[in-house]
Amino acid sequence: MLYLSEFQTKLSNQYITPAFSLALNNEKPPSHYLIAGRNSSGKSLLISALAGNGKVESGVRECSSVVAEVSVFRQQTLIEEEKQKDSADILDVIAEPTKVRELFLRTNEDYQNHLYYNELTSALRIEHLLDNAFLSLSTGETRKVIIMLAWLNDAAIILLDEPFEGLDVEAIDAFSRFLVSQQQATLALTANKLADIPEGLHAQLIVMDDLAITWKSDGTLNYDDLRSELSTWFALESDDIDVPAALSASDQNRSDPNRKDQNHNKQNSELDALPHTLIQLNDGFMRFDERTVFEKLNFTLNKNDHWQITGPNGSGKTCLLQMFTGDNSHCYTNDLTMFGIKRGTGESIWDIKKHIGIMSNSLHMQYKVNASVEHVIISGFHDSIGLYTRPTLAERNVAGQWLAVLGLQQKKNTPFQSLSFGDQRLVLIARSMVKHPAVLILDEPCNGLDDFNRQKALKLIDKLAKAGTSTLLYVNHNPEECIPSIRNTLNMKDYNV
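Using full-length UniProt numbering, read the sequence shown as starting at 1 and increasing by one per residue.
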């Protein structure tokens with residue numbers, strides 16, 4: 001039994017959750033709960049309260065069962081704990097990277113004999129990663145490890161906050177089947193779109209809106225009834241949108257003629273001066289220790305020649321993009337030319353980044369500066385995490401246009417960290433697009449978005465592709481998230497050893 005009564009906690013970002021009241025039973029066979037709602041409805045906050053995260057502010061939480069959590073919060077916490085080991089050198093201790101196998105052993109000394117170990121490792125295709133360092137894994141692979149840890153912990157209640165986000169298509173299908181068939185734990189899953197409901201699931205439905213539980217089904221609903229009920233809640237609205245224009249040099253001069261930073265004044269001329277071939281990689285490779293992620297990759301990105309990058313978790317999609325942005329040292333070991341500049345010839349990283357906009361899971365995890373929503377969008381002009389210069393009137397005007405497109409005008413001055421995961425995602429998408437960069441890198445940008453905001457984001461991406469100012473590199477696992485303007489596909493699986 002897991003029971004909340006008017007329970008509130010203060011989370012690490014100093015946000016105090018609403019007062020939640022809810023009871024989860026874990027009888028056998030287990031009954032399940034589906035927590036549904038759009039972005040900002042409060043689903044992740046409810047999961048945090050159920051997990052007992054943060055400092056208790058008021059109310060009661062009673063728990064007589066082992067509870068495990070699969071969420072972005074849990075993922076970030078484990079990554080940060082492992083990164084702390086890297087600082088052990090201040091004690092003259094050489095930190096050994098923690099391998100996946102060691103994490104399993106810490107959780108369950110007899111993990112290989114766990115009832116669901118073989119079935120779950122097969123579903124997630126994770127056994128080949130056991131001897132890899134946890135911090136070397138991709139976002140999707142770390143999510144798989146978190147999932148494994150939840151079951152290996154012998155938890156009787158498992159809280160799954162959008163568990164499929166970041167997983168490749170094969171893993172999603174297999175894990176969905178596992179969730180329906182497993183008998184170890186009562187599951188509480190969140191969903192913000194119909195595709196989040198595992199086929200065959202029977203569950204009590206809990207609907208959230210405006211940070212509160214607004215409706216609960218009287219009992220357990222079957223899969224068809226869950227979809228039928230939620231089709232109304234998740235119905236899309238007609239929403240025709242336009243991409244705000246890029247900041248022009250004349251706007252910059254008019255808004256603040258005394259400003260010393262003239263980066264924007266040069267933007268248009270610099271874009272015109274870029275060569276037709278924006279990125280050229282010859283015989284590209286990526287290796288970590290004895291592991292080769294990909295090799296023999298020849299790739300050319302020309303202006304307005306948009307590409308979708310696909311491949312299973314761990315195939316090197318994010319590694320390739322980090323090489324292009326200069327966030328992976330392999331950019332210097334490869335024959336790589338960016339915007340006419342051969343990497344490793346003494347160029348500044350800012351000579352590269354000023355032409356790039358990026359939205360990725362890694363950036364989202366790193367963006368912990370508690371700037372306002374407006375300042376986060378404006379930081380895209382400066383390629384910074386946080387804003388450290390006074391924004392111009394023109395920058396604020398453009399940010400306001402993006403907030404209007406996103407429907408977040410009322411949250412302009414709201415601290416970024418207090419937004420829901422989905423709303424943070426929307427703001428970071430706008431940040432990546434705000435300067436209309438020569439190359440726009442979007443690494444699974446729609447993770448965590450409900451159907452309505454997902455369609456809005458896809459429309460924005462397609463319209464920016466058609467505008468002709470940005471060339472797109474787009475990573476996604478969901479075949480439903482295709483962009484009509486993207487006609488080229490790079491499958492990283494073709495370059496795996």
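No residue lacks a Cβ here, since even glycine has one placed at the ideal position from N, Cα and C.
{"query": "Does DSSP classify C63 as helix, strand or coil?", "result": "strand"}
{"query": "Taking the alpha helix (DSSP H) that M433 falls in, what are its first and last residues?", "result": "F421 to M433"}
{"query": "Quick one: which unbroken beta strand (DSSP E) runs of 3-plus residues sit fully inside the stretch 145-189? Chain order, please.", "result": "157-160"}
{"query": "Starting from E102, trace the alpha helix (DSSP H) in both directions and tell me its first and last residue.", "result": "V100 to T107"}
{"query": "Using DSSP with H/G/I as helix, E/B as strand and the rest coil, what is V373?", "result": "helix"}
{"query": "What does DSSP give as the partner residues of D335 in its beta bridges?", "result": "N282"}
{"query": "May I ask you to list the residues that DSSP assigns as paired with M208?", "result": "I213"}
{"query": "I need the straight-line Cα distance from N132 to T142, nearest angstrom please.", "result": "11 Å"}
{"query": "If we ignore side chains and look at the alpha-carbon of each, how far apart do N397 and V439 end up?", "result": "23 Å"}
{"query": "So which of G219, Q204, P163 and F178 has the shortest CA-CA distance to D196?", "result": "P163"}
{"query": "Going by the C-beta, is F339 closer than 7 Å to any heavy atom of the ligand HEM?", "result": "Absence of the ligand HEM from the depicted structure is noted, as is the absence of any ligand whatsoever, leaving it without description."}
{"query": "Put E475 into one of helix, strand or coil per three-state DSSP.", "result": "Note that residue 475 is Val in the sequence shown, not Glu. Correct three-state label for V475: strand."}
{"query": "The alpha helix (DSSP H) that contains D450, what's its start and end?", "result": "Element bounds for D450: n/a, residue is neither H nor E."}
{"query": "Between the Cα of L230 and those of I241, S217 and D242, spot the shortest distance and give me the residue it belongs to.", "result": "S217"}
{"query": "Is I486 closer than 8 Å to G324 when the C-beta atoms are compared?", "result": "It should be noted that the sequence gives Phe, not Gly, for residue 324. No, Cβ-Cβ distance for F324 and I486 is not below 8 Å."}
{"query": "Which residue wins for smallest C-alpha separation from E104, given the options H355, Q410 and A150?", "result": "A small correction: the amino acid at residue 104 is Phe; Glu does not occupy that position in the sequence shown. Taking only the C-alpha atoms, the option nearest F104 is A150."}
{"query": "Should the stretch 51-58 be regarded as contacting the stretch 67-85, the criterion being three or more beta carbon pairs within less than 8 Å?", "result": "yes"}
{"query": "Alpha carbons only, please: which of L129, G166, L22 and P445 is nearest the one belonging to C63?", "result": "L22"}
{"query": "For the alpha helix (DSSP H) that contains Q76, what are its first and last residues?", "result": "V72 to K85"}
{"query": "Whole-angstrom Cβ separation of I206 and I35, contact assumed at under 8 Å?", "result": "5 Å"}
{"query": "Are the beta-carbon atoms belonging to E27 and A19 less than 8 Å from one another?", "result": "no"}
{"query": "Might you give, ordered along the chain, the residues of its own chain that have their beta carbon closer than 6 Å to the beta carbon of M286, omitting 5 neighbours on each side?", "result": "V293, F294, G316, C319 and H330"}
{"query": "Using three-state DSSP, classify F324 as helix, strand or coil.", "result": "helix"}
{"query": "Leaving out five residues before and five after H364 in sequence, what residues of the same chain have Cβ atoms less than 8 Å from its Cβ?", "result": "Q424, R425 and L428"}
{"query": "Helix, strand or coil for N258, going by three-state DSSP, please let me know.", "result": "Bear in mind that a pLDDT of 41 at N258, under 50, signals an unreliable position, so the number given afterwards is only what the model happens to contain. The answer is coil: DSSP assigns N258 none of H, G, I, E or B."}
{"query": "Within its chain, find whatever has a CB closer than 7 Å to the CB of F288; leave out the 5 residues flanking it on each side and keep chain order.", "result": "S136"}
{"query": "Contact check, N192 vs N39 under 8 Å by CB: the rounded distance?", "result": "6 Å"}
{"query": "Would you give the residue range spanned by the alpha helix (DSSP H) that V398 belongs to?", "result": "L393 to L406"}
{"query": "Apart from the five residues just before and just after L336, which ones in its own chain have a Cβ nearer than 6 Å to its Cβ?", "result": "L281 and R343"}
{"query": "Output the distance between the C-alpha atoms of Y474 and Q308, rounded to the nearest integer angstrom.", "result": "5 Å"}
{"query": "State the start and end residues of the unbroken beta strand (DSSP E) segment that holds I35.", "result": "Y33 to A36"}
{"query": "Give me the Cβ distance between residue 500 and I146, rounded to the nearest whole Å; I'm assuming they're in contact under 8 Å.", "result": "Summary: the structure shown does not reach residue 500, with the chain confined to residues 1 through 497, and so no result is reported for it."}
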